[in-house]
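Asker: Structure provided below as structure tokens; questions to follow.
Number of protein chains: 2
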Amino acid sequence: MDSKVFSRELSLRSVRVTDAFWKSEMELVRTEVIPYQWEALNDRVEGAEPSYCMRNFRIAGKINREKCEGGETYEAPQYTFRGCEAKPEDPEHLKDEFYGFVFQDSDFSKWIEAVAYSLTQHPDAELEKVADEAIELVCAAQQEDGYLDTYYIINGRDKTFSNLRDHHELYCFGHLTEGAVAYYQATGKDRLLRAACRFADFIADYFGPEDGKCKGYPGHEIAEMALVRLYEATGEERYLNLSSFFIDQRGTRPYYFDAEHPESARECSEMTQKGDQKDELRFQYHQAHLPVREQEEAVGHAVRAVYLYSGMADMARLKQDESLYAACEKLWNSIVNEKMYVTGGIGATHIGEAFSYPYDLPNDTAYSETCASIGLIFFARRMLQIRPDARYANVMERAFYNCVLAGMALDGKSFFYVNPLEVVPEASHKDERKFHVKAVRQKWFGCACCPPNLARLVSSIASYAYTESADTLFVHLYMGSEITKLVNGQKTAISISSDFPWEGTVQIRVRAKGTGLRLALRLPDWCENYRAEGLEKARTEEKDGYLYIQKDWDEEDTLQLFFPMQPRLIGANSNVREDVGKVAVMRGPIVYCLEEMDNGANLHLLTLDAEEEPAVSGGEICGVPAKLVSWRGFRQSPEEEGGALYHIWHKEEIELVELKYIPYYMWANRSENEMQVWTRVAGTNENEGESHKKIKHLKKI
Amino acid sequence: MDSKVFSRELSLRSVRVTDAFWKSEMELVRTEVIPYQWEALNDRVEGAEPSYCMRNFRIAGKINREKCEGGETYEAPQYTFRGCEAKPEDPEHLKDEFYGFVFQDSDFSKWIEAVAYSLTQHPDAELEKVADEAIELVCAAQQEDGYLDTYYIINGRDKTFSNLRDHHELYCFGHLTEGAVAYYQATGKDRLLRAACRFADFIADYFGPEDGKCKGYPGHEIAEMALVRLYEATGEERYLNLSSFFIDQRGTRPYYFDAEHPESARECSEMTQKGDQKDELRFQYHQAHLPVREQEEAVGHAVRAVYLYSGMADMARLKQDESLYAACEKLWNSIVNEKMYVTGGIGATHIGEAFSYPYDLPNDTAYSETCASIGLIFFARRMLQIRPDARYANVMERAFYNCVLAGMALDGKSFFYVNPLEVVPEASHKDERKFHVKAVRQKWFGCACCPPNLARLVSSIASYAYTESADTLFVHLYMGSEITKLVNGQKTAISISSDFPWEGTVQIRVRAKGTGLRLALRLPDWCENYRAEGLEKARTEEKDGYLYIQKDWDEEDTLQLFFPMQPRLIGANSNVREDVGKVAVMRGPIVYCLEEMDNGANLHLLTLDAEEEPAVSGGEICGVPAKLVSWRGFRQSPEEEGGALYHIWHKEEIELVELKYIPYYMWANRSENEMQVWTRVAGTNENEGESHKKIKHLKKI
């Protein structure tokens, strides 16, 4: 893998995020999301569907104790502070059975991961105690052989791993492992990590290339990247090898999932013979239609896809596997060149929560799941670790500030699963094709994947903002932070401050005298001309969208970067039918949108006038400060009441208006109302004035 | 019902259609559709899913014969000429059971109805003989008590009428009755009519307002209008009363369908309590959510809806029921002012094959079922019979020449069920949300409702073109015809010739000397200034879109009407979000569209220049003559291969092109390709030149 520059994520214990913008998001997670989630996991939220997550662990633990009677003495954990104890009113009608989704265990794992990250930035003894107790409860559910999935512990181990395609044991294992590694790295406590290792060992004994071992692989990916993380935390090669086996085995023929489900295989084969379905379309949902190195187009369930690709990128880096890296590149390009919303959202169709075909990016029926955008960030960070190229970081930034943040309300109390780019509440209420598109955030979800995923991501943002190699600190995202880094055994300190995403000034103070520290600072794609100060004596180089800085550091050096943030109009590739003749407004990394409450109803009647200059002002939404943008445009006069459905066309009556834009991620915080990112623009295809010069020739067709 | 002018449909035996355009459509039905359908009904089409329709009648007849053994002697019909005999190879695996959809009987009924109409225009002894034999076979299936639905005859009569909501006995009865009346009126033969009456009598004994009778009504409407037809053919009031009962009973509380399906009632009630669904949303699919007089918005399954409304209009006319007429008017307006495509298609969503909410008329996911547009024509004709107002006839014409004709290929051999206004074949193949939108017509359908419905409609077009009152002939549609009409016992002859829909000249020769004949000629809404000749001595009056003509007729009078047919640009109501900034092209009654094969791929990149003048030329599509329209416009240059998904917006490079339009109904006859009715238009919301004058004021919002 020539020309690659590998880097690793920064330990969160060596960064302290001080950034006004992100710190407040992290505080929302710490003070709102994590406590709320904990109550939810324990079925203590009034009016919410119970999760049963911790209850399932408790039941599984009880089953273990019953087994152990007369054998090993089981010590029941002691609970304090609103811990994992059953609700006093645990309803009598509940039996000692498994309740909830088959992947319910993973809710705990995402929660503990978020807790771990949060503790690195904001130590909290009380929270840590709750977490320790929760871990005890989970570990008590682990069986003697290391198996730890409450669904099968409660329902009978004989069916273990019998339905890899649809059930989620390996998915739950993956999340458990991610949580365990994070908690270990945050606190140094290895109770959960040891449990994860035992479960991993059990799985490694069961699956693998050796004769007699199962040749299956996960239906919902995540174990691939989780095992890499476990390998990196423990140094145990067998975890890396197991991940490698899952990746290589995927999509090989005969299809493993067919052996598991002979009936669907037969049905599919009959359909194929009738020409109703092509054989290769099978298992696209699971990215198991082809061996991963032959996959060129991002397809199927979007979250699963980017989780898989993240694991592939990890493996490509660690094994320096060129063919796997080439596949990652193709899949990356497939997403960002053909299948990504301007917000960094992915997954254009709710059917299968999946990618649609290239350039099919409808705004009003978008799926664009919060988790999928989070997974895209995972993938981007891992690609950056292989090669520091701003292509990846630009997308990561886009997803962070737009699709992902939109997933959570400004008060941290409600969440979007689906992140459309255009909403008409009436359609969401009355049109079954848009029932998945909610016009207001929801309190919690039956399938509660997005809120905890968001919590763990936001709490660990520093590990996406920065990666490092031996002598270099890569700065992918700008945010206020205090970072310490060892270079050749010598401690350096880098202090960054900025008002991103609202202002483009970044100040970097470096204390690295006598070290060979190199800085690599990303030059965002939204900024054509940046300015730097304090580089007089430095050796600088621009490469792949990064400014590399080396110098003989003084006791303390101060650098400044200025990235101008004019509002800009964005056009989409002309293959995107939904966006033709339309523009989106961006400023810095922020995508803007129009809301009905600022612009009146019928946003589709508005046209932005590209000849006019935008205005930027400071403002706030629900008390949260933001830069607002306004742009002159027109409003087509709405139809008279009771007007005919069709009429002889005439130039519409228009009135001049000021289009008032707010950051997309802040939409739907003030009321249920229309929202629109892509707006018609005046200036396209005019046959008058300036544009005449651009007319090439009259072509008869 | 003051101010109403009632008229009745013209007997098809008193009209001979000579029109070049419609005659060729009728010939397609006679020579292609009717024979093909007959083969299909008898499971003799190679490669097609068997219909089992005639087979079911045969099995039911056999059950009857077995019952009659020792009793009444059953005489098995003798079959000749590819009649209803079983295929020699009737597969052995088939048992004496019912096969196919629960409403399979209706396929025969629609076929016999088409045959009947066809015989009035083109006598055909051989076809009539096949039809007579088919009727024998069907009548042999009728049970002693008059019941005639093969599904329950074969599966057991004990469950008769036990599931009015989902099963289709009353629907099949309705179609049988329509076919029977048509065949009687066409041939004078009453064998099938008597069977229909016996079945109707059985139903009238079972359902009704009297104590002890069932209070149900049809799940899928049609019996309402069929019973009216039976009443008009026989003069038997009890059929009118039964229809009236079904209409009045519909939607009353407690809901009859709930009594039939207590489980769904309970579920729904639980959902209502949880706030998931409002009680009044129930049964919208069946138009049974409210008593019909309280219904103001067209909702639910579009075919069912317009079939019901047709029956309501019949009843309003016959009973001079003002409140029922008022409901019909509201429902009519709901459709044509808020829920109808420019093609006369209705039903905007495939979910429930239903109407969507007002102004929700997506072009690319449209349902716009052929049958629904046919039903809209039924409704329109019946509204015309109450009041000759061109509002109704204009819609009827729109539906006939556009949505309905699009349902059949130019060779009469394949059919559309769904009639979208915008198609990208890739989307139809890859996007499950558009799987219902076919880019090419299909040979036949498992649920074969549209082709036979189209056959019966086209064959009887004269009964939509004309209605009559005692002294007046109403001409709603222009087509070449020879009509005879009695006025005060004296015979008049009216001969009409025209080149509609391609030319707007209509010649009418009248032989009505000494009679008080009055002509009422529709003035189409697409024509602002017509010219008339030969009216020098006539007394004329324009009213509700009709030109009334009375005069002292000479031996032969010749009138001429000239309706100019310039291509015109149509705009949609600004509430139709999908069509904002776009135009459709029409000429006369014909809606035009762009196809990829004439205009290149990526039709969404085209813009029509409204400042330019259109050009009309004679041409043909697959050998069928047509007027073609071209209009200057622009093409946005497509993206470079591999271009970025998003870029800084700039005025697009454009090239001047000639947009080549063909009649919408002729699309998809040459190949699978993109098609588009609504195209972006230049001239909207420009801030330069002319349009500046229209800017009202700068309004701060």
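Going down the list, the protein sequences come from chains C and H. Quick note: the first sequence uses our numbering, first residue 1, plus one each step. Quick note: the second sequence uses our numbering, first residue 1001, plus one each step. We put the CB at the ideal spot given by N, CA and C, even for glycine. These numbers come from a predicted model, not from an experiment.
#1: Thinking H/Ile1346 and H/Ser1373 are a contact (beta carbons under 8 Å), I'd like their distance in whole angstroms, please.
#2: With a threshold of 6 Å on Cβ separation, who are the neighbours of C/Val299 within its own chain once the five nearest residues in sequence on each side are excluded?
#3: Please confirm if C/Thr679 has its CB atom under 8 Å from at least one CB of chain H.
#4: Do you know how far the Cα of C/Pro358 is from the Cα of H/Tyr1656?
#5: Would you please verify whether the beta carbon of H/Lys1696 is less than 8 Å from any beta carbon of chain C?
#6: Alpha carbon to alpha carbon, what distance is there between H/Gly1633 and H/Glu1613?
#7: What do you get for C/Ile59, buried or exposed, if any count of 16 or more other CB atoms within 10 angstroms of its CB means buried?
#8: Counting only beta-carbon atoms, is H/Asn1056 nearer than 8 Å to chain D?
#9: In chain order, what residues of the same chain have a beta carbon less than 8 Å from the beta carbon of C/Gly71, not counting five sequence neighbours either side?
#10: Is any beta-carbon of chain H found at less than 8 Å from that of C/Gly71?
#11: Do H/Tyr1367 and H/Glu1353 have their C-beta atoms closer together than 8 Å?
#12: Whether or not the stretch 417-433 of chain C and the stretch 554-574 of chain C are in contact is what I'm after, with contact meaning three or more pairs of Cβ atoms, one per stretch, closer than 8 Å; do they touch?
#13: If the cut-off is 8 Å on Cβ atoms, which residues from the stretch 508-537 of chain C count as contacting chain H, listed in chain order?
#14: So, using beta-carbon positions, are H/Pro1452 and H/Ala1114 closer together than 8 Å?
#15: Just to confirm my understanding: we take H/Ser1460, look at its own chain, exclude 5 residues before and 5 after, and list those with CB closer than 7 Å. What are they?
#16: Based on the DSSP secondary-structure assignment, which residues constitute the bridge partners of H/Leu1176?
#17: Take the Cβ of H/Arg1539 as the centre, count every other Cβ of all protein chains shown within 10 Å, and call the residue buried at 16 or more, exposed below.
#18: Kindly indicate the opening and closing residues of the beta strand (DSSP E) around H/Tyr1548.
#19: Could you compute how far the alpha carbon of C/Gly504 sits from the alpha carbon of C/Met565?
#20: Where does C/Phe500 sit, in a helix, a strand or coil, going by DSSP?
#21: Just grab the DSSP bridge partners of C/Glu482 for me.
#22: Name the chain C residues whose beta carbon is nearer than 8 Å to that of H/Pro1452?
#23: Is the beta carbon of H/Phe1098 less than 8 Å from the beta carbon of H/Ile1154?
#24: Is the beta carbon of C/Pro750 sitting closer than 8 Å to the one on C/Ser7?
#25: Tell me whether C/Tyr466 sits in a helix, a strand or coil according to DSSP, three-state version.
#26: Count the other C-beta atoms from every protein chain shown that fall within 10 angstroms of the C-beta of H/Glu1046, then say buried if there are 16 or more, exposed otherwise.
#27: Check whether the Cβ atoms of C/Ser574 and C/Val583 lie closer than 8 Å to each other.
#28: Cα separation between H/Cys1139 and H/Leu1041?
#29: Assign H/His1476 to buried or exposed, taking buried as 16 or more other Cβ atoms, counted over all protein chains shown, within 10 Å of its Cβ.
#30: Exposed or buried, which one is H/Asn981 when buried takes at least 16 other CB atoms within 10 Å?
#31: On the three-state DSSP scale, how would you describe C/Glu541?
#32: Could you give the distance in angstroms between the alpha-carbon of C/Arg304 and the alpha-carbon of C/Phe415?
#33: Which residues in chain C have a C-beta closer than 7 Å to the C-beta of H/Arg1568? List them in chain order.
#34: Going straight from the alpha carbon of H/Glu1338 to that of H/Ala1226, what length do you get?
#35: Smallest Cα separation from C/Ile549: which of C/Phe562, C/Leu240 and C/Gly534?
Answerer: In this structure, then:
#1: Yes, H/Ile1346 and H/Ser1373 are in contact; Cβ-Cβ is about 6 Å, under 8 Å.
#2: For C/Val299, where only same-chain residues beyond five positions count, the Cβ hits under 6 Å are Gln284 and Phe355.
#3: Chain H contact via Cβ: absent.
#4: First, the amino acid is wrong: residue 1656 of chain H is Leu here, not Tyr. The C-alpha of C/Pro358 is placed about 28 Å away from the C-alpha of H/Leu1656.
#5: Residue confidence for H/Lys1696 is low, a pLDDT of 36 falling below 50, so the modelled location carries little weight and cannot support an answer.
#6: Answer to the nearest angstrom: the Cα atoms are 10 Å apart.
#7: With 16 or more other Cβ atoms within 10 Å, it is buried.
#8: The structure shown has no chain D; the protein chains it does contain are C and H.
#9: Note that C/Gly71 scores 47 on pLDDT, short of 50, meaning its location in the model is unreliable; the coordinates nonetheless yield the value given after this. Excluding sequence positions up to five before and after C/Gly71, its CB lies less than 8 Å from no other CB in the same chain.
#10: In this prediction, C/Gly71 has a pLDDT of 47, which is less than 50 and means its spatial position is unreliable; what the coordinates show is noted afterwards. Taking 8 Å as the CB threshold, C/Gly71 stays off the interface with chain H.
#11: In contact: H/Tyr1367 and H/Glu1353 (Cβ atoms closer than 8 Å).
#12: Output reads no: the stretch 417-433 of chain C does not touch the stretch 554-574 of chain C.
#13: So the list is empty, because no residue satisfies the distance condition.
#14: Yes.
#15: Contacts found: Leu1012 and Tyr1117.
#16: The partner list for H/Leu1176 (beta bridge, DSSP) is empty, contrary to what the question assumes.
#17: By the 10 Å Cβ count, H/Arg1539 comes out exposed.
#18: Taken as a continuous stretch (DSSP letters only), the beta strand (DSSP E) holding H/Tyr1548 covers Tyr1546 to Gln1550.
#19: For C/Gly504 and C/Met565, the gap between their C-alpha atoms comes out near 6 Å.
#20: Residue state, collapsed to three classes: coil.
#21: Paired residue(s): C/Arg16 and C/Ser495.
#22: Simply none; closest approach about 25 Å.
#23: Contact annotation: H/Phe1098 and H/Ile1154 have beta-carbon atoms nearer than 8 Å.
#24: In the structure displayed, chain C extends from 1 to 701; residue 750 of chain C sits before or after that span and is not available.
#25: Per DSSP, reduced to three states, the secondary structure at C/Tyr466 is strand.
#26: With fewer than 16 Cβ atoms within 10 Å of its Cβ, H/Glu1046 is classed as exposed.
#27: Going by C-beta atoms, C/Ser574 is not nearer than 8 Å to C/Val583.
#28: Rounded to whole angstroms, H/Cys1139 to H/Leu1041 spans 16 Å at the Cα level.
#29: Buried is the call here.
#30: This structure cannot speak to residue 981 of chain H, because chain H is shown only from 1001 to 1701.
#31: Here C/Glu541 sits in strand by DSSP.
#32: If you take the alpha carbons of C/Arg304 and C/Phe415, they lie about 20 Å apart.
#33: Ordered by position in chain C, the residues that pass the 7 Å Cβ test against H/Arg1568 are Ile648.
#34: CA-to-CA, the gap between H/Glu1338 and H/Ala1226 works out to about 28 Å.
#35: Nearest option by C-alpha distance: C/Gly534.
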